[in-house]
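Asker: In my numbering, the protein residues as written are 872 to 1076.
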Amino acid sequence: MNNKFRIGVLGSGKGSNFVAIAEAVAAGKIPAEIAVVLSDVETAGILGHARERNIPAQYIAPGLYRTKLDEAAEHAFVAALQKAQVDLIVLAGFMRVLKGDFLRAFEGRIVNIHPSLLPCFPGLQSWKQALDHGVKVAGCTVHFVDAGVDSGAIIGQSAVPVLDNDTPETLHQRIHAAEHELYPRCVAALARKEITVEGRRVIWK
Ligand code: GRF
């Protein structure tokens, strides 16, 4: 089945969004194949979840920096994704900012999920930012990745109420649950080519 839409997933953490997407693929809800899973963290749960499902999974050392890939690592990630012939790169908790060469290699084909209703609260611990700000509605956003931080065109969003007795942990949990529904839905639409981009506006057919 070489003409199947091929997905590469990058993650640094436990990989619950990856699991949600892999389950949606297995259930036939996403017409695609997960071709490869890559991580910059050797012990990341996402690699174990991939291997359990017989999906090729590889750790690639990120190199010298803390928040981005160094040049050699960037080349290694790009090469692995090209070798796997991916049509779409799904960032699922990948904790490094992607830079020029990587973005150019896969222009318009990289998506991310962020735990806030962007453009509010980009960056780290968005659920805590939301709580500290006092917003009554939080949520999550799936967006295309561009050169900024959490700044690309928005594909889909899901709202989550903020409750009076929420702690950062309870709000984070509720947002995470919403992510597991939103991300597979957006990836399915991308795999079905039901999405077009007009400037910053992403249109669902
Ligand atoms: C999610 O909260 C996502 O919004 C953020 O990273 C987290 C990844 O969680 N980008 P998991 O590894 O998918 O469980």
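The C-beta atom is built at its ideal place from N, Cα and C for all residues, glycine as well.
Note that the structure is predicted; figures quoted are calculated from it, not measured.
(1) Roughly how many angstroms separate the alpha carbons of ALA947 and ILE931, rounded to a whole number?
(2) Quick one, which of ALA1049, LEU952, ILE984, GLY979 has its alpha-carbon nearest VAL1008's?
(3) Any heavy atom of the ligand GRF within a distance shorter than 8 Å of the CB on ASN1036?
(4) When DSSP labels each residue in this structure, what does ILE1054 get in the three-state scheme?
(5) Select from ILE1066, LEU962, PRO902, THR938 the residue whose C-alpha is nearest the C-alpha of SER887.
(6) My output table needs one value for GLN1044: the three-state DSSP class, helix, strand or coil.
(7) Any heavy atom of the ligand GRF closer than 8 Å to the Cβ of LEU962?
(8) Name the one or two DSSP bridge partners that LEU959 has.
(9) Could you give the C-beta distance for LYS900 and PRO1055, rounded to a whole number, given that I count them as a contact under 8 Å?
(10) Could you give the residue range of the beta strand (DSSP E) that holds LEU909?
(11) Within a Cβ cutoff of 6 Å, which residues of the same chain sit near ALA1062, ignoring the five residues on either side of it in sequence?
(12) Candidates PHE1015, ARG937, ASP1037: which alpha carbon is nearest GLN1028's?
(13) At what residues does the alpha helix (DSSP H) containing GLN996 begin and finish?
Answerer: Well, looking at it:
(1) Within the sequence shown, residue 947 is the residue found at index 76, counting from 1. Within the sequence shown, residue 931 is the residue found at index 60, counting from 1. So the two alpha carbons sit approximately 7 Å from each other.
(2) As a first step, residue 1008 must be located in the sequence shown, where it is residue number 137. It is ALA1049 whose Cα lies nearest to the Cα of VAL1008.
(3) The residue given as residue 1036 occupies position 165 in the sequence shown. No; taking the cut-off as 8 Å, the Cβ of ASN1036 has no heavy atom of the ligand GRF nearer than that.
(4) Taking the first residue of the sequence shown as 1, we reach residue 1054 at position 183. What sits at residue 1054 in the sequence shown is Tyr, not Ile. If DSSP states are grouped into helix, strand and coil, TYR1054 belongs with the helices.
(5) Residue 887 sits at position 16 when you count from the first residue of the sequence shown. Taking only the C-alpha atoms, the option nearest SER887 is LEU962.
(6) Position 173 of the sequence shown, counted from the first residue, corresponds to residue 1044. Three-state result, GLN1044: helix.
(7) The count along the sequence shown starts at 1 and reaches residue 962 at position 91. Checking every heavy atom of the ligand GRF against the Cβ of LEU962, one is found closer than 8 Å.
(8) As a working mapping, residue 959 is identified with position 88 in the sequence shown. Looking at the DSSP assignment, LEU959 forms a beta bridge with ILE878.
(9) The residue labelled residue 900 in the question sits at position 29 within the sequence shown. The residue labelled residue 1055 in the question sits at position 184 within the sequence shown. Correct: roughly 6 Å between the Cβ atoms.
(10) Position 38 of the sequence shown, counted from the first residue, corresponds to residue 909. Taken as a continuous stretch (DSSP letters only), the beta strand (DSSP E) holding LEU909 covers 903–910.
(11) Working through the sequence shown from its first residue, we reach residue 1062 at position 191. So the list reads PHE876, ILE901, PRO902, ALA903, once near-sequence residues are dropped.
(12) For the purposes of this step, residue 1028 is taken as residue 157 along the sequence shown, with counting starting at 1. Of the listed residues, the one whose Cα sits closest to GLN1028 is PHE1015.
(13) For this step, residue 996 is matched to residue 125 along the sequence shown. Counting along the chain, GLN996 falls outside any alpha helix (DSSP H), and DSSP gives it neither H nor E.
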